[in-house]
Amino acid sequence: MLIGLCGAICAGKHAIAEYLIQHEGFQLLELATKPTQRITDEPDDDLRLQASEIRKNRDRKDRDGQSELVLDTPEDLLDFVTKRWQEKWVTTDIADGSTLDRFLLRPFFLLVSVDAPVSLRWKRFSDRCWRRQLDPPDLEKFVLWNDRHLYEKDIGRVYLTDRAQVRLFNSSSSLEDLHRALKTLDLADEQRLRPNWDQYFMQLASLAAQRSNCMKRRVGCVLVRERRVISTGYNGTPRHLPNCNEGGCPRCNRGDGGGVGLSTCLCLHAEENALLEAGRERIREGAILYCDTCPCLTCTVKITQVGISEVVYSQGYNMDSESAAILEAAGVNLRQFSPPSNGLIYL
Ligand SMILES: [Zn+2]
Ligand SMILES: [Zn+2]
Ligand SMILES: [Zn+2]
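Be aware that the sequence shown starts at 1, since it is given in the UniProt record's numbering, and climbs by one per residue.
And the structure:
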């Protein structure tokens, strides 16, 4: 795999690259023309220094027999990794959106962004200046550099970090803390590159939920047999009736608490819609129902009757134990699967 690290000045991308190299068997790939050379103010000089520190560490390893891994262009870098994608590579040299577009097309590439509070990044930057016997900039100057680095038209980095598949927030105060957090996180887990079947179908269910117009709760469902989608469904009022959010279901629009007056609700549930769409004939033995919310009691009896073999849900609802009891009695397997969140991960 190839991990690309991007982020703000002193957010910690080089520290993370260094960790991956020292502890997880990654190798650093660099571009001969540093993206940072495109901006010539001081923080980027500092970034260059950080990169050369990593290179020094690498050089120490090079003496143990590894070759220098500097490539001329982003295309060279991609070609290089394409032939060796099962090894572990890391780079901090992704400079612009069009390079990133090409990288993101490859199934072995993972973009990881790193951020940290600006006051903490300024402190890290100042500490580094002190260590090198340089005068650190005041906070205001640092903030101005930072704004340029992140937001300047055409060269700002924010459009890179915005597209990261994994977004890290590195507020750790020491390298030990950072290393501990990274060890737990296991960035090199290949499932980050490609969702497994549970993730895949649950994400489809969540996508279906986005189509829902029910005022109470958006729910999505996918029916699967032999890893093929048979049908999908989301909750809402029946055909030819106004949508729930257009007043189609008076109960849902009344704003009573969850579960109140369920029997007067006109909205079909996501599971019901998926079951009706598939029909009993196509469901047969071995069908799995993925639903982003644990089925309610009335859906559970229908699921049982139609011959579903397994129910996988991601979030609980307010009658999970009753539903679980019915499914268990009927011999239908029930399990919870919550896909890994793709929000900000606090290290
Ligand atoms: Zn509704
Ligand atoms: Zn309703
Ligand atoms: Zn239901």
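We treat Cβ as the ideally placed atom computed from N, Cα and C, and that holds for glycine.
No experiment lies behind these values; they were computed from the predicted model shown.
Can you name the start and end residues of the alpha helix (DSSP H) that residue i belongs to?
{"i": "Ile-308", "result": "Neither: Ile-308 is in no alpha helix (DSSP H) and is coded neither H nor E."}
{"i": "Phe-109", "result": "Taken as a continuous stretch (DSSP letters only), Phe-109 belongs to no alpha helix (DSSP H), being part of the beta strand (DSSP E) at 109-115."}
{"i": "Ile-3", "result": "Looking at the DSSP string, Ile-3 is not in any alpha helix (DSSP H); the run it does join, the beta strand (DSSP E), is 2-7."}
{"i": "Gly-97", "result": "97-104"}
{"i": "Asn-254", "result": "The displayed chain sequence assigns Arg, not Asn, to residue 254. Its alpha helix (DSSP H) spans residues 250-254."}
{"i": "Cys-129", "result": "118-131"}
Out of curiosity, what's the CA-to-CA distance linking residue i and residue j?
{"i": "Ser-338", "j": "Ala-208", "result": "16 Å"}
{"i": "Ser-309", "j": "Cys-291", "result": "14 Å"}
{"i": "Val-81", "j": "Leu-5", "result": "16 Å"}
{"i": "Leu-77", "j": "Leu-71", "result": "6 Å"}
{"i": "Tyr-19", "j": "Gln-133", "result": "26 Å"}
{"i": "Ala-11", "j": "Trp-197", "result": "34 Å"}
{"i": "Cys-129", "j": "Arg-211", "result": "53 Å"}
{"i": "Asp-62", "j": "Gly-25", "result": "Residue confidence is low: Asp-62 scores 49 on pLDDT, short of 50, so the model does not pin down where it sits. Its coordinate-derived value is still stated next. Rounded to whole angstroms, Asp-62 to Gly-25 spans 14 Å at the Cα level."}
{"i": "Gln-86", "j": "Met-1", "result": "6 Å"}
{"i": "Asn-333", "j": "Val-311", "result": "6 Å"}
{"i": "Gln-199", "j": "Leu-289", "result": "13 Å"}
{"i": "Asp-115", "j": "Glu-285", "result": "48 Å"}
{"i": "Cys-244", "j": "Gly-255", "result": "12 Å"}
{"i": "Gly-259", "j": "Asn-318", "result": "8 Å"}
{"i": "Arg-148", "j": "Lys-141", "result": "11 Å"}
Count the other CB atoms within 10 Å of the CB of residue i; is the residue buried (16 or more) or exposed (fewer)?
{"i": "Lys-216", "result": "buried"}
{"i": "Ala-329", "result": "exposed"}
{"i": "Arg-239", "result": "exposed"}
{"i": "Gly-65", "result": "Reliability of the predicted coordinates at Gly-65 is poor, the pLDDT of 44 falling under 50, and the value obtained from them is presented with this limitation in mind. Result: exposed."}
{"i": "Gln-37", "result": "Bear in mind that the predicted position of Gln-37 carries a pLDDT of just 44, short of 50, making it unreliable; the figure below should be weighed with that in mind. Per the 10 Å Cβ criterion, exposed."}
{"i": "Tyr-346", "result": "exposed"}
{"i": "Ser-323", "result": "buried"}
With a threshold of 7 Å, establish whether the CB of residue i neighbours any heavy atom of ligand 2.
{"i": "Leu-241", "result": "no"}
{"i": "Cys-267", "result": "yes"}
{"i": "Cys-244", "result": "yes"}
Where do the N-terminal and C-terminal ends of the beta strand (DSSP E) with residue i fall, by residue?
{"i": "Leu-334", "result": "333-336"}
{"i": "Tyr-346", "result": "344-346"}
{"i": "Phe-169", "result": "166-169"}
{"i": "Thr-232", "result": "228-234"}
{"i": "Val-90", "result": "89-91"}
Could you tell me whether any non-hydrogen atom of ligand 1 is closer than 7 Å to the CB of residue i?
{"i": "Cys-249", "result": "yes"}
{"i": "Met-215", "result": "yes"}
{"i": "Cys-252", "result": "yes"}
{"i": "Cys-291", "result": "no"}
Please state if the CB of residue j and the CB of residue i are separated by a distance shorter than 8 Å.
{"i": "Leu-120", "j": "Ser-171", "result": "yes"}
{"i": "Val-112", "j": "Ile-21", "result": "no"}
{"i": "Ala-270", "j": "Gly-220", "result": "yes"}
{"i": "Leu-223", "j": "Ala-274", "result": "yes"}
{"i": "Leu-28", "j": "Phe-169", "result": "no"}
{"i": "residue 370", "j": "Leu-100", "result": "Outside the displayed range of the chain (1 to 347) lies residue 370, so it cannot be described from this structure."}
{"i": "Leu-182", "j": "Ile-9", "result": "no"}
{"i": "Leu-241", "j": "Leu-266", "result": "yes"}
{"i": "Tyr-313", "j": "Cys-299", "result": "no"}
{"i": "Thr-232", "j": "Leu-276", "result": "no"}
{"i": "Phe-125", "j": "Pro-117", "result": "no"}
task = Name all residues in chain order for which at least one heavy atom of ligand 5 lies closer than 5 Å to the residue's CB.
result = This structure lacks ligand 5; its bound ligands are ligand 1, ligand 2 and ligand 3.
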